[in-house]
Every structure is written in structure tokens, then in C-alpha cells.
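These notes concern the structure reproduced below.
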Amino acid sequence: MQYTYQIITEHELVIEKITGEVTVEALAEKTQVVFSDPLYAPTYNGVMDLRNAVSRMSKVELYGFASLISETEMFGQSKWAIIADDPIVVALSHIFQQRIPDQNTLGIFCTVKAAAEFINCPEVLNYLQDE
Numbered sequence: 769m770q771y772t773y774q775i776i777t778e779h780e781l782v783i784e785k786i787t788g789e790v791t792v793e794a795l796a797e798k799t800q801v802v803f804s805d806p807l808y809a810p811t812y813n814g815v816m817d818l819r820n821a822v823s824r825m826s827k828v829e830l831y832g833f834a835s836l837i838s839e840t841e842m843f844g845q846s847k848w849a850i851i852a853d854d855p856i857v858v859a860l861s862h863i864f865q866q867r868i869p870d871q872n873t874l875g876i877f878c879t880v881k882a883a884a885e886f887i888n889c890p891e892v893l894n895y896l897q898d899e
């Protein structure tokens with residue numbers, strides 16, 4: 769799994785890009801990296817680009833990750849958009865969405881434009897493009 773992220777403080781925005789094979793362990797580790805970054809604030813909206821990712825996690829593992837994320841104060845105070853096109857990644861994203869306390873804070877989309885509209889941040893289009 770390759771992982772990059774940017775925290776754009778002037779737009780209160782986090783952009784994560786994940787490519788390759790994604791495991792729940794790697795995703796949890798990278799999430800902790802973002803949460804530990806001094807520039808990160810739980811009120812920042814975010815976009816997770818999974819268009820070039822392949823899931824290697826089970827539904828049960830995803831349930832555990834959703835529970836872990838839901839228990840932290842670092843998530844759930846803002847809106848997040850997932851961009852995905854692989855059917856398995858999309859399905860698992862919907863399962864994750866169903867397991868978080870406020871399902872309205874997470875949206876799953878196939879375009880950057882739709883993700884940017886969901887989090888009400890057109891500046892996303894300056895950092896990610898539709899392929």
C-alpha cells in the first residue's frame with residue numbers, strides 16, 4: 769500500500785491518497801499518522817482517494833476499524849468523502865459508513881467533483897482530478 773496525505777490548513781482540509789493493496793492494519797497505522805500530525809484538527813473535512821486501491825480486508829476487520837475510529841475524538845466532527853471505483857472498495861466503504869455513529873458525515877463517490885461538493889470545498893479540485 770502506498771499512502772500520501774496533505775493537510776491544507778487554509779482550507780481546513782485533509783486529502784489522503786491510497787494506492788495498491790489495502791489492509792486494515794496498514795489503514796489503521798496511516799490513520800494514526802494523520803491524527804498525530806500537529807497540523808491535523810478533527811474539525812477539518814477530508815477526502816480519501818481510493819480509486820487505485822484494492823482491498824485486502826474482511827468485513828469483520830472493517831467492523832473493528834470502524835469501532836476504533838468511532839471511539840476516537842479525532843473523527844466524526846467533520847465530513848469525509850471517499851472516492852472509489854473498485855466495486856469491493858465501494859461496498860466495504862458503505863459497510864464502514866453504516867458502522868459509524870453519524871452516517872451523514874461520510875459520503876462515497878466516484879468523482880472528485882461530487883466529493884468536493886459533499887464536503888463543500890471546491891478547493892479539493894486543485895489537489896485531485898477526475899481521471
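So in my numbering, spot 49 of the sequence shown is number 817, and the numbers just go up one at a time.
Every residue, glycine too, gets a C-beta built ideally from N, C-alpha and C.
Given the structure is predicted, the values throughout are model-derived calculations rather than measurements.
Per DSSP, the beta bridge partners of Q774 are I783. V790 and A821 have their C-alpha atoms spaced approximately 7 Å apart.
If you draw a 10 Å sphere on the C-beta of L807, you find fewer than 16 other C-beta atoms in it, and that means exposed. The beta-carbon distance between D853 and R819, rounded to whole angstroms, is 5 Å. This is short enough to meet the 8 Å contact definition.
Within a 10 Å sphere around the beta-carbon of N888 sit fewer than 16 other beta-carbons, which makes this residue exposed. Here L830 carries a helix assignment [DSSP, helix/strand/coil].
Under the 10 Å beta carbon count, S826 is surrounded by fewer than 16 other beta carbons and is classified as exposed.
It is roughly 22 Å from the alpha-carbon of I863 to the alpha-carbon of V782. A Cβ-Cβ contact shorter than 8 Å links V792 with E829. Between the C-alpha atoms of Q866 and V892 there is a straight-line separation of about 25 Å. The beta strand (DSSP E) runs lying completely inside the segment 794–830 and spanning 3 residues or more are 813–823, given in chain order.
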